[in-house]
Amino acid sequence: MISTAFFSGSIAELYDKHLVPLIFESYASDLAGRVAALSPQAVLETAAGSGVVTRALAPRHPAAAY
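For the sequence shown, my numbering assigns the number 546 to the initial residue and increments by one for each residue that follows.
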């Protein structure tokens with residue numbers, strides 16, 4: 546039997562509300578710390594998605610260009 550997934554509402558909102566805190570926030574913080582150790586003058590984030598990594602990077606690099 547074939548079943549088809551059905552989504553309703555804002556998937557991005559549900560992702561940010563449930564998955565980001567559960568899974569991705571600690572990863573984003575760790576990644577931001579690793580980037581901070583490199584002392585970059587500019588940061589280019591690709592595939593930013595919901596912005597969880599960008600939000601973790603920004604306070605650690607106030608003088609960097611985004």
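Quick reminder that beta carbons are idealized off the backbone N, C-alpha and C, glycines included.
| Asked | Found |
| --- | --- |
| Under the three-state DSSP convention, the category Ala587 falls into | strand |
| Start-to-end residues for the alpha helix (DSSP H) that takes in Leu576 | 570-581 |
| Distance CB(Arg605)-CB(Ala581) smaller than 7 Å | yes |
| Three-state class that DSSP yields for Thr549 in the structure shown | coil |
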